[in-house]
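See structure below.
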Ligand SMILES: Cc1ncc(C[n+]2csc(CCOP(=O)(O)OP(=O)(O)O)c2C)c(N)n1
Ligand SMILES: [Mg+2]
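Numbering (the numbering used here), first residue to last: 32 to 356.
This is the structure in structure tokens:
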């Protein structure tokens with residue numbers, strides 16, 4: 032497969048943007064500068080970036096609690112993102128949502144939700160509307176490996192399959208759900224088999240190779256857009272940090288140092304940057320420069336967020352009720 036240098040460079044830049052943003056937030060949480068609970072995306076960057084590279088602005092993306100990567104990969108505004116993380120008025124959700132409730136409708140980001148499996152039903156509505164009205168565009172529903180343990184996952188897949196809705200389900204299987212590993216929650220590591228039983232074409236792909244992620248997503252998106260109904264992809268990946276915040280979950284006995292190190296050796300960013308340098312797409316010096324450019328962007332956005340005006344408590348009840356005419 033041939034890719035342009037610009038395309039490959041853009042993938043690299045997006046992954047770096049997510050990594051550096053997340054590492055910065057980890058530090059801000061440690062320093063107690065951020066209060067909203069942050070479920071960090073470090074280690075999984077290739078999934079969000081590869082999938083979103085296969086999408087248009089009009090395609091909708093729905094995310095769970097671990098949504099920073101999806102927001103940034105789909106083109107969400109970095110200043111508004113940081114302002115939301117600092118719970119400021121200029122945040123993408125007006126400073127009322129925090130880390131787990133991000134949205135930017137102009138980029139197809141209709142909302143992330145802290146409720147595990149919450150978007151499994153919500154993501155179907157726009158897909159159903161588009162099917163009925165004969166409009167283009169699809170819904171991509173990102174979810175973790177714990178979501179197939181919720182009833183609505185089955186209802187959602189079944190409903191989408193029966194109605195041939197333009198939906199792509201993206202399961203980010205990072206082997207853990209909060210404090211439980213997959214093998215203590217399922218009889219086997221068989222999520223794609225269950226998706227297939229609901230009638231969805233499924234793919235299982237290594238989630239730390241951004242180009243493999245992109246190719247699988249491109250195929251699924253095409254099929255969904257061609258009217259072939261919902262598609263399912265499981266990306267195998269790993270979160271480097273704890274379930275929430277900057278800890279590493281070794282301290283609480285959830286996983287071993289060996290396992291974490293094994294996955295760190297499969298770092299999606301290192302893997303891709305090495306490949307770009309080896310293939311002559313960029314020199315090491317160009318990569319280092321890109322790293323610095325991204326770093327500066329992140330620092331500036333952090334400053335914007337930290338210095339943005341706070342939400343006025345007088346407005347607390349605004350946006351709570353909607354008048355029905
Ligand atoms: C309905 C509901 N039940 C429980 C929780 C608490 N909770 C938050 S995240 C999470 C685990 C999610 O695991 P997974 O889907 O694998 O995503 P990951 O955190 O690994 O990205 C749980 C149980 C919740 N937010 N909502
Ligand atoms: Mg998980």
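Glycine is no exception: its CB is placed at the ideal position from the N, C-alpha and C atoms. From a predicted model like this one, the values you see are computed outputs, not experimental measurements.
By the Cβ-count criterion, residue 89 is exposed, with fewer than 16 other Cβ atoms from all chains shown falling within 10 Å of its own Cβ.
The Cβ atoms of residue 277 and residue 66 lie no closer than 8 Å to each other. The stretch 175-182 makes no contact with the stretch 137-144; the number of CB pairs closer than 8 Å stays below 3. Comparing alpha-carbon positions, the option among 206, 99 and 191 lying closest to residue 226 turns out to be 191. At least one heavy atom of ligand 2 is found less than 7 Å from the C-beta of residue 175. For residue 267, the enclosing beta strand (DSSP E) has its first and last residue at 262-267. Judged by DSSP secondary structure, residue 175 falls within the beta strand (DSSP E) whose first and last residues are 170-175. A residue is called buried when at least 16 other Cβ atoms come within 10 angstroms of its Cβ; residue 348 does not meet this threshold and is exposed. Excluding the 5 residues flanking it on each side, residue 51 has same chain C-beta neighbours closer than 7 Å at 325, 326 and 329, in chain order. Between residue 242 and residue 43 a beta carbon distance of about 11 Å is seen, past the 8 Å cut, so the two are scored as non-contacting. DSSP lists 143 as the bridge partner or partners of residue 94. The beta-carbon distance between residue 333 and residue 55, rounded to whole angstroms, is 6 Å. This is short enough to meet the 8 Å contact definition. Ranking 137, 189 and 123 by CA distance to the CA of residue 230 puts 189 first. The beta carbon of residue 254 lies closer than 6 Å to those of 262 in the same chain, with the five residues before and after it left out.
Look at residue 205: its beta carbon is less than 7 Å from one of the heavy atoms in ligand 1.
Remark: the shortest separation between the CB of residue 286 and any heavy atom of ligand 1 does not fall under 7 Å. Annotation for residue 82: the continuous alpha helix (DSSP H) segment containing it runs 76-83. As a beta-bridge residue in DSSP terms, residue 200 pairs with 172 and 263. In this model, residue 280 and residue 71 are separated by some 13 Å (Cα to Cα). For residue 233, the enclosing beta strand (DSSP E) begins and ends at 233-237. For residue 117, no alpha helix (DSSP H) segment is defined, and its DSSP state is neither H nor E.
With a cutoff of 8 Å on beta-carbon distance, residue 174 and residue 148 are scored as near each other.
In this chain, the alpha helix (DSSP H) harbouring residue 43 covers 36-61. The beta carbon of residue 94 lies closer than 6 Å to those of 101, 143 and 173 in the same chain, with the five residues before and after it left out. At least one heavy atom of ligand 1 falls within 7 Å of the beta-carbon of residue 147.
The stretch 113-120 and the stretch 155-169 do not touch, with fewer than three beta-carbon pairs separated by less than 8 Å. By the neighbour-count definition (other C-beta atoms within 10 Å, threshold 16), residue 292 is an exposed residue. The C-alpha of residue 304 lies about 37 Å from the C-alpha of residue 187. Ranked by Cα distance from residue 46, the first of 318, 331 and 275 is 318.
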